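Numbering (this note's numbering), first residue to last: 312 to 586.
We put the beta carbon where it would ideally sit given N, CA and C, even for glycine.
Since we're looking at a predicted model, the values are computed, not measured.
Inspection log for the structure reproduced underneath, given as C-alpha cells.
Next comes the structure, spelled out in C-alpha cells:
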C-alpha cells in the first residue's frame, strides 16, 4: 500500500476544495438561470379582469392559444377587440378602433405581457400586467409605456423579489402622464418630479415588504390626492425583456376606491436588467 506524505494530503485537500468550489458556482448559476427561465412564460390561457390605469375603468382579457380577445368590464359598453398573440414576445398588435369603443387611440398599440411579483405578509404574490406602447412612434417613442392594465387578483409565487435600491430612477406615471424620479436607499424612499420646474419632494419609509404610505400633499405638488396612498414595489419580468420595477398605488382608507384596488401604476423607464 502507498503511504501519503503530509505534502500529498495537502495537495489532495486543495484539489478537493477547488472542485467543490467549482460545483458550488455551477449550482448557483444553474439556479439563477432556472429562475429567469420560468420567470414569465407566455401563457396558453388567460381569462382575467384588469384595471386600466389610464382610462380608469376595467377590461376583460381572454387568451386562448394565440387568440386574444378584449372586452369592457363593469359597464354597459358592448365593443370587443380581437388579435393574434406572438408567443415569442408575448405581445399582440391591438386595434381599438372598433364599433362602440369610445375614444380609441389613433394608431394600433402593442400590448405586451409582464409578470408582476411582490412580497406581502401572506407571502409572495404574482399577477399579470399588460403594457401598451406605440411601435409606429406617432404617440411616443416605441419604447415608451403609454398605459398599463393591472390584473385584479393574484396568485402565490415561490421566488421572493428583492426590494430595489434606486439612484434617481425615472418612472412613467400612467395616471398623470408625466415622469417621476425615485431614489431608494436603506429603506428610505424619496420621490420628486422629473420636471425641473416642480421642486416638491415626498419622502417615506419602506417596510419589510417594500411598501409604504405616501402623502403627496406637500408644498408645490399640484393636484395631490385627497388622502395618503399605499404604495408597493412590484418586480416586472418579461418573456424576453428582462426585469424592471413598478409602483402600484391603492387607497387603504377606501375614499377613492375599494382598499386594494389599483389606482395608479408607475413603470421604471431606465436600467432594465436582462438575464
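Query, Result
"Report the CB separation of residue 420 from residue 405 in whole angstroms; it is logged as a contact under 8 Å.", "5 Å"
"When the Cβ atoms of the stretch 410-420 are set against those of the stretch 538-549, are three or more pairs found closer than 8 Å?", "no"
"To the nearest whole angstrom, what separates the beta carbons of residue 578 and residue 459, a pair I think is in contact under 8 Å?", "6 Å"
"To which residues does DSSP link residue 425 through a beta bridge?", "440, 549"
"What would DSSP say about residue 469, mapped onto helix, strand or coil?", "coil"
"Once the 5 residues before and after residue 476 are set aside, which same chain residues still bring their CB inside 7 Å of it?", "495, 496"
"For the stretch 355-381, list the beta strand (DSSP E) runs that are entirely contained and at least 3 residues long, ordered along the chain.", "356-363, 369-375"
"Tell me which residues share the same chain as residue 513 and place their Cβ nearer than 8 Å to its Cβ, disregarding the 5 neighbours each side in the sequence.", "501, 502, 503, 525, 526, 527, 529, 532"
"Could you have a look at residue 577 and say whether DSSP puts it in helix, strand or coil?", "strand"
"Compute the Euclidean distance between the alpha carbons of residue 440 and residue 427, then round it to the nearest angstrom.", "6 Å"
"Within the chosen definition, does the stretch 456-473 reach the stretch 357-369 through at least 3 CB pairs nearer than 8 Å?", "yes"
"Whole angstroms are fine: how far does the CA of residue 499 sit from the CA of residue 523?", "10 Å"
"Kindly indicate which residue of 374, 390, 395, 481 has the alpha-carbon position closest to the one of residue 407.", "390"
"Here's a check: name, in chain order, each residue in its chain whose Cβ is nearer than 8 Å to the Cβ of residue 572, leaving out the five neighbours to either side.", "362, 463, 561, 562"
"Looking only at its own chain, which residues have a Cβ that is under 8 Å from the Cβ of residue 467, when we skip the five neighbours before and after it?", "434, 435, 436, 437"
"Secondary structure at residue 527, three-state DSSP: helix, strand or coil?", "coil"
"Mapping DSSP to helix, strand and coil, what is residue 460?", "strand"
"How many angstroms separate the CA atom of residue 569 from the CA atom of residue 387?", "21 Å"
"Would you call the CB atoms of residue 519 and residue 543 closer than 7 Å?", "no"
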